[in-house]
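*Asks:* Mapped onto full-length UniProt numbering, the consecutive letters of the sequence shown carry residue numbers 1 to 186.
C-beta: ideal position from N, C-alpha, C; glycine also.
Take a look at the following structure, please.
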Amino acid sequence: MRQPLGVSAGHLIARRPRTLCALDARTGKTAWTRPLPDVMQCDLVGSTVYLADPKIVAIGVRKGRIRWTKPLPHRTQFIATEQGIYTLADRGLKMDLTALDQRTGRPKWNTLVPDHSLTLAKYDAMDREARGLPVARDVELYLAQLTSSVVETGVWRRDGPVRRGRPGDRRPDTSERRARRPVAEQ
């Protein structure tokens, strides 16, 4: 069973158990496949697929070649958008928010966040219509504290302060905000 990630550069990118593949959008034939280890996350942004496991792996859509890799610290969250790649690493009492360059994987900036129980999320107005396909255009990043869950549904609630900023901002907005919607645990 294939789980489509999206279409880019004339290819439909799909995830199968233990395999990442690109199908030619015109013919439906397999253009390339790559073994897919137990990855935590798989995102298609532009002409690159980003995989996250113990490291971030950037794979070009056209040929399926690895562009770059970057090790991730244990317990690191990851989001890829058209504006950049963002990681949130647990450092004990603080968390390290880092923006990475999409072409090289090198850090562009980072900042310590003074709370160790945050989650990294993105909000994209187009996501509501995207039905799960990654459509990241003008995105806001949110740091939210997940502190409780509803036992009946198993859904986590964002009960703490939410910090937001646009990708590329050197310093995210740190004003406190309360999230109103529960977030499904992933």
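How big is the Cα-Cα spacing for ILE85 and LEU112?
*Replies:* Within the sequence shown, numbered from 1, the residue matching residue 85 stands at position 85. Within the sequence shown, numbered from 1, the residue matching residue 112 stands at position 112. Straight-line Cα distance between these residues: approximately 17 Å.
*Asks:* Run the CB neighbour count on THR76, radius 10 Å, all protein chains shown included, and call it buried at 16 or more, exposed below.
*Replies:* Sequence index remark: in the sequence shown, residue 76 carries index 76 (1-based). With 16 or more Cβ atoms within 10 Å of its Cβ, THR76 is classed as buried.
*Asks:* Determine the burial state of PRO38: buried for a count of at least 16 other Cβ atoms within 10 Å of its Cβ, exposed for fewer.
*Replies:* Here residue 38 refers to the residue found at position 38 when the sequence shown is read from its first residue. Contrary to the premise, residue 38 reads as Asp rather than Pro in this sequence. Classification of ASP38: exposed, given that the 10 Å Cβ count is below 16.
*Asks:* Ordered along the chain, which non-local residues of its own chain (more than five positions away) have a Cβ less than 6 Å from that of ALA125?
*Replies:* Sequence index remark: in the sequence shown, residue 125 carries index 125 (1-based). Unreliable placement is indicated for ALA125, whose pLDDT of 42 sits below 50; the coordinate value is still reported in the next sentence. Around ALA125: no qualifying Cβ.
*Asks:* To the nearest angstrom, how far is the alpha carbon of THR69 from that of VAL57?
*Replies:* Walking along the sequence shown from the start, residue 69 turns up at place 69. Walking along the sequence shown from the start, residue 57 turns up at place 57. Straight-line Cα distance between these residues: approximately 4 Å.
*Asks:* Straight-line CA distance for GLY64 to MET95?
*Replies:* Residue numbering aside, residue 64 sits at position 64 when the sequence shown is read from its first letter. Residue numbering aside, residue 95 sits at position 95 when the sequence shown is read from its first letter. Whole-angstrom Cα-Cα distance: 33 Å.
*Asks:* Could you please give the first and the last residue of the uninterrupted beta strand (DSSP E) stretch that includes residue 192?
*Replies:* The chain is shown only over 1 to 186; residue 192 falls outside these bounds and no answer can be derived.
*Asks:* Alpha carbon to alpha carbon, how far is GLY10 from GLN83? Give it in angstroms, no decimals.
*Replies:* As a first step, residue 83 is located in the sequence shown; it is residue number 83 there, counting from the start. As a first step, residue 10 is located in the sequence shown; it is residue number 10 there, counting from the start. Going from the Cα of GLN83 to the Cα of GLY10 covers about 22 Å.
*Asks:* To the nearest angstrom, how far is it from the Cα of ILE13 to the Cα of PRO107?
*Replies:* Taking the first residue of the sequence shown as position 1, residue 13 is located at position 13. Taking the first residue of the sequence shown as position 1, residue 107 is located at position 107. When rounded, the distance between both Cα atoms is 27 Å.
*Asks:* Would you say the beta carbon of ARG75 comes nearer than 7 Å to a heavy atom of the ligand ATP?
*Replies:* Ligands in the displayed structure: none, and consequently the ligand ATP is not present.
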